[in-house]
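Everything in the sequence shown is counted per my numbering, starting at 11 for the first residue and increasing by one. This report refers to the structure that appears directly beneath it.
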Amino acid sequence: MIKAIIIDDEKNAIEVLEMQLRQFCKEVYVIATCNGGKEGVKAIKELQPDLVFLDIEMPHINGFDVLEQTKNLNYKVIFTTAYDQFAIKAFKFSAIDYLLKPIDIIDLQNAVEKAQKETQNHNLEDKIKLLVEQYHPQKNRQKVALPVGNMLEFFDVDEIIRVESDSNYSHIFLANQKKITLSKTLKDVEENIKGEPFFRVHQSHLINTNHVEKAVKGENAYVVMKDGTTITVSRNRKEEFFELFRRI
């Protein structure tokens, strides 16, 4: 019997995966479900699971943080992710198993079978390091890649001033005053370029903090970008945003 924990910030995703495991992977016994990374870290440390089904994009403590805080424990991990094929390359490169949402039953069974056959996961820490390097580049990264049309286009980090949401599209505003529209949601774009110097200040705006001209605190906090655009900083992002500047 494989003792498993499911960690996701979406209740429906947890319920669906738990149901799929119960019906189609009877060798898996779900010992806990966790709503978010904080609960997940605590459960992993207390319950010592054999296998963790882990979402990445969670508020406050994301999937990478969960792994970092529990990397010394011996368990296997399968990511459950809504990432597109462009972002999936990071998982393939690092040899960490993943399931693309909505989860296919056959893929789930294959992933569980693979986990069951692995006698140990002593390479987990190395695999995580590779994954983070591939998906979440370091601060000194020079370029980011975004899917423009049917190809990937590479941009210098400093070229991008901000990204603005427009329903299922995103507008990339560049330092040369050009605008590029992607048929991707802002969440999709954020997943591809997440990490400093980019920061999601609002539901509709992802900004490059290197292009902030002025940041104003207070009840109605906002930033003024170097292109003259004024953008509201949402209430639930204010503390983290201004803490970022205090660290600089």
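Backbone N, C-alpha and C fix where the C-beta goes; we use that ideal spot for every residue, glycine too.
The Cβ atoms of Ile16 and Leu27 sit closer than 8 Å to each other.
As the crow flies, the alpha-carbon of Asn84 is around 15 Å from that of Lys127. Between Glu223 and Lys236, the C-beta spacing is below 8 Å. For Val26, the uninterrupted alpha helix (DSSP H) segment begins and ends at 21-34. Residue environment for Gly228: exposed (fewer than 16 other C-beta atoms within 10 angstroms of its C-beta). Taking Arg247 as the centre and dropping the five residues before and after it, the same chain places the C-beta of Val211 closer than 6 Å to its C-beta, in chain order. When the alpha-carbon of Glu20 is set against those of Glu37, Val40, Cys44, Ser214, the nearest one is in Cys44. The DSSP-derived three-state label of Leu57 is helix. Per the DSSP secondary-structure output, Pro157 pairs in a beta bridge with Leu162. Secondary-structure assignment with DSSP links Ser180 through a beta bridge to Ser175, Leu192.
Contact between the segment 74-83 and the segment 107-118 is absent, with fewer than three C-beta pairs closer than 8 Å.
For Asn120, the uninterrupted alpha helix (DSSP H) segment begins and ends at 115-127. In the three-state reduction of the DSSP assignment, Val222 falls in the strand class, which pools E and B. The residues Ile171, Met235, Lys236, in chain order, have a CB closer than 6 Å to that of His221 in the same chain once the five nearest residues on each side in sequence are set aside. Per DSSP, Val243 lies in no beta strand (DSSP E) segment and is marked neither H nor E.
Contact between Ile71 and Phe89 is absent: CB atoms are separated by about 15 Å, not below the 8 Å threshold.
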